[in-house]
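Q: Take 1 as the starting number for the sequence shown in the UniProt record's numbering and just add one per residue. Okay, here's the structure, questions in a sec.
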Amino acid sequence: MPTYVAKRLLSVFPVLFGLSVIVFLVMSMIPGDPATAILGAYATPENVERINRDLGLDKPLVQQYFIWIGNVLQGDFGRSFALNRPVLDEVLERFQATLVLAGVSLILCSVIGLLAGVVSAVRQFGWADRVITFLVLAGISMPSFWLGLILILLFAVKWRLLPASGMYAIYGGGDLKDLLLHLILPAATLAVVAAGVIARLTRAAMLEVLRQDFVRTARAKGLPERQVIYRHAFRAALVSVIPVIGIQAGFVLGGAVYIETVFQWPGIGAMLVNAISTRDILLVQGGVLVVAASYVLFNLAADILQTMLDPRIRS
Numbered sequence: 001m002p003t004y005v006a007k008r009l010l011s012v013f014p015v016l017f018g019l020s021v022i023v024f025l026v027m028s029m030i031p032g033d034p035a036t037a038i039l040g041a042y043a044t045p046e047n048v049e050r051i052n053r054d055l056g057l058d059k060p061l062v063q064q065y066f067i068w069i070g071n072v073l074q075g076d077f078g079r080s081f082a083l084n085r086p087v088l089d090e091v092l093e094r095f096q097a098t099l100v101l102a103g104v105s106l107i108l109c110s111v112i113g114l115l116a117g118v119v120s121a122v123r124q125f126g127w128a129d130r131v132i133t134f135l136v137l138a139g140i141s142m143p144s145f146w147l148g149l150i151l152i153l154l155f156a157v158k159w160r161l162l163p164a165s166g167m168y169a170i171y172g173g174g175d176l177k178d179l180l181l182h183l184i185l186p187a188a189t190l191a192v193v194a195a196g197v198i199a200r201l202t203r204a205a206m207l208e209v210l211r212q213d214f215v216r217t218a219r220a221k222g223l224p225e226r227q228v229i230y231r232h233a234f235r236a237a238l239v240s241v242i243p244v245i246g247i248q249a250g251f252v253l254g255g256a257v258y259i260e261t262v263f264q265w266p267g268i269g270a271m272l273v274n275a276i277s278t279r280d281i282l283l284v285q286g287g288v289l290v291v292a293a294s295y296v297l298f299n300l301a302a303d304i305l306q307t308m309l310d311p312r313i314r315s
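What follows is the structure, given as structure tokens:
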């Protein structure tokens with residue numbers, strides 16, 4: 001197992017290198033002059049030349065990349081011109097809020113998706129299966145930003161049960177209860193699509209496992225049906241579902257960009273939207289690189305967990 005983990009960790013570095021190249025190239029292809037966007041009304045030729053020199057934009061593209069990635073490897077992501085603070089400090093501060101939202105959403109969608117998939121498979125063609133299948137299809141088909149607006153309209157505006165935006169109350173609050181109340185709507189909105197995907201694949205995996213010989217043998221031994229389902233069949237099906245949960249972790253992180261905008265959640269998604277609008281290149285590059293690296297690490301953790309459940313994968 002340690003050898004397998006070491007190999008998987010080594011395979012992460014080429015992926016992260018490729019991500020850094022893609023992030024840098026995409027930002028370099030955005031039309032417009034970054035220095036002019038940063039300076040605004042103060043964009044005189046002298047100031048534009050100075051900003052280009054400070055950002056290294058007057059150098060060839062390849063040289064710009066190696067200067068940037070060299071600084072990143074030393075922990076220096078540059079300085080945000082719009083915020084006048086180090087990029088890494090801003091990204092890490094915002095990423096904490098995003099991790100809270102994405103982490104709760106991932107736990108929520110995993111629990112709901114796994115439970116719904118198991119119930120749907122065990123009650124195949126029954127009323128529970130039909131209801132779950134309908135809800136899953138509706139959830140997958142529904143745009144997250146639209147669902148978020150509907151939830152705000154119902155629970156915050158009409159019924160006044162939950163706050164509509166922010167991470168904490170503007171006046172007072174700031175404790176765990178206040179955080180949880182603000183977290184319910186965005187976390188639920190972000191979890192709906194991912195829960196539907198996990199439920200569908202869990203159902204398919206469970207139906208396949210329930211037809212296996214070892215399940216029939218367990219039932220022939222007289223084991224209780226609950227033990228057959230959850231101890232034997234579910235564990236075997238989980239091996240196929242875990243990689244999907246890892247992929248959904250990336251979806252949740254990516255979806256946080258527009259969900260944070262809808263709910264005014266002070267995370268990295270809202271930060272990236274503002275940084276793109278102000279052409280804060282170093283802030284965008286740093287934020288996207290951190291999110292992409294987190295997605296890779298989530299998938300690495302899912303692969304390792306899958307291998308722990310099924311050692312045959314190592315071979």
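For each residue, glycine too, the CB sits at the ideal point set by N, CA and C.
For Asp-310, which residues of its own chain have a beta-carbon under 7 Å away from its beta-carbon, when the five flanking residues on both sides are left out?
A: If we look at Asp-310 and ignore the five residues flanking it on each side, its Cβ neighbours are Val-239.
Q: Is it a yes or a no for the segment 99-115 touching the segment 80-91, going by three-plus beta-carbon pairs under 8 Å?
A: no
Q: With DSSP as the reference, label Ser-80 as helix, strand or coil.
A: strand
Q: May I ask you to report which of helix, strand or coil DSSP gives Pro-143?
A: In this structure, Pro-143 counts as coil in the three-state DSSP scheme.
Q: Using a Cβ-Cβ cutoff of less than 8 Å, which residues in the same chain neighbour Ala-249 once the five nearest sequence positions on both sides are dropped?
A: Ala-102, Leu-106, Tyr-295, Phe-298, Asn-299 and Ala-302
Q: Consider the Cβ of Arg-203: report whether some Cβ of chain C lies at a distance smaller than 8 Å.
A: Here chain C cannot be found, since the structure has a single protein chain.
Q: Can you pull the DSSP bridge partners for Arg-85?
A: Ser-80
Q: From Ile-304, Thr-278 and Met-271, pick the residue whose C-alpha is nearest to that of Val-288; which is it?
A: Met-271
Q: Rounded to whole angstroms, what's the CA-CA distance from Gln-124 to Leu-207? Just pull it up for me.
A: 9 Å
Q: Roughly how many whole angstroms lie between the Cα atoms of Glu-260 and Ile-276?
A: 15 Å
Q: With a 10 Å radius around its C-beta and 16 neighbouring C-beta atoms as the bar for buried, classify Ala-138 as buried or exposed.
A: exposed
Q: Using only the alpha-carbon positions, how far apart do Gly-255 and Ile-247 sit?
A: 12 Å
Q: Starting from Arg-200 and walking both ways along the alpha helix (DSSP H), at which residues does that stretch end?
A: Its alpha helix (DSSP H) spans residues 176-210.
Q: Which of the three DSSP states is assigned to Gln-285 in this structure?
A: helix
Q: With 16 other CB atoms within 10 Å as the buried threshold, where does Leu-73 fall?
A: Exposed, by the Cβ-count rule.
Q: For Phe-125, name the three-state secondary structure that DSSP assigns.
A: DSSP places Phe-125 outside both helix and strand once states are collapsed to three, so it counts as coil.
Q: Could you tell me whether the segment 133-149 touches the segment 212-224, using the rule of 3 or more Cβ pairs below 8 Å?
A: no
Q: Whole angstroms are fine: how far does the CA of Val-291 sit from the CA of Arg-53?
A: Pairing Arg-53 with Val-291, the inter-Cα distance amounts to about 28 Å.
Q: Classify Gln-96 as buried or exposed, calling it buried when 16 or more other Cβ atoms lie within 10 Å of its own Cβ.
A: exposed
Q: Assuming the contact rule is C-beta atoms closer than 8 Å, Ala-187 and Leu-210 should be a hit. Round their C-beta distance to whole Å, please.
A: The beta-carbon separation of Ala-187 and Leu-210, rounded to 32 Å, does not stay under the 8 Å limit for a contact.
Q: Alpha carbon to alpha carbon, how far is Ala-164 from Leu-183? Give it in angstroms, no decimals.
A: 10 Å
Q: Thinking just about the alpha-carbon of each residue, which of Val-23, Tyr-4 and Thr-3 is nearest to the one in Ala-293?
A: Val-23
Q: One question on the structure: do Thr-278 and Ala-37 come within less than 8 Å of each other, judged by their Cβ atoms?
A: Result yes, Cβ atoms of Thr-278 and Ala-37 sit closer than 8 Å.
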